[in-house]
Amino acid sequence: MAKVLVANASLTGNTEEIAELIAEGIRLAGGEAVLKSVTDCNADEINNYEAVLLGAYTWGDGELPDEFLDFYEEMDELDLAGFKAAAFGSGDTGYSIYCGAVDLIEEKLKERGAEIVQESLKIEYGPNAAEKDSCRNFGRQFLETCAAVS
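In this note's numbering, the protein residues as written are 199 to 348.
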């Protein structure tokens with residue numbers, strides 16, 4: 199099964215919890231998930247994996263958080279053709295642009311040639327009990343979809 203990088207930026211722990219649950223879903227489905235903070239890795243590390251899931255919380259008016267910016271800019275140097283990918287994150291519907299960072303990440307992945315294999319996962323604040331299952335299912339489904347389209 200695929201070795202998947204699950205990298206995220208989290209301020210309050212909400213997006214980190216989402217990432218952990220997604221990684222758990224990948225593992226439960228028989229895959230290998232490596233969980234990292236974007237502050238502890240470089241974008242070129244994506245090349246060490248067969249697939250990638252990137253996540254962040256949304257800051258301000260639909261913006262990427264500061265701690266994701268270096269990783270995001272480093273992605274400009276990557277050729278992700280053939281990589282299976284998806285995005286996830288947390289946000290607040292009280293803002294006019296809900297989970298805008300997730301959309302920016304997905305757009306960057308597409309721009310660099312990655313194949314987005316499933317719709318992004320957006321959670322308001324942190325996951326409730328039902329959303330925790332959704333996060334695990336997101337990871338499981340991602341792994342299964344990657345295997346099906348390989």
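C-beta atoms are modelled at their ideal positions from N, C-alpha and C, and glycine is treated no differently.
The beta-bridge partner set that DSSP reports for Ser288 consists of Tyr255 and Ile321.
For Ser235, the secondary structure class from DSSP, reduced to helix, strand or coil, is strand. Counted as a single uninterrupted DSSP element, the stretch harbouring Asn206 is not any alpha helix (DSSP H) but the beta strand (DSSP E) occupying residues Lys201 to Ala207. If you check the CB distance, Asp264 and Arg310 do not come in under 9 Å.
Counting the other Cβ atoms within 10 Å of the Cβ of Val347 gives fewer than 16, which makes it exposed. Here Ile295 is exposed. Its C-beta has fewer than 16 other C-beta atoms within 10 Å.
Taking a 10 Å sphere around the C-beta of Lys201, we find fewer than 16 other C-beta atoms and assign the residue as exposed. Here the C-alpha atom of Gly324 lies approximately 27 Å from the C-alpha atom of Met273. When secondary structure is reduced to three states using DSSP, Ile295 falls in the coil class, being assigned neither helix nor strand. The segment 208-219 makes no contact with the segment 237-246, as fewer than three CB pairs between them are under 8 Å. With fewer than 16 other Cβ atoms from the protein chains shown falling within 10 Å of its own Cβ, Lys234 counts as exposed. A check of alpha carbon separations from Phe286 across Thr256, Leu267 and Tyr247 identifies Thr256 as the nearest.
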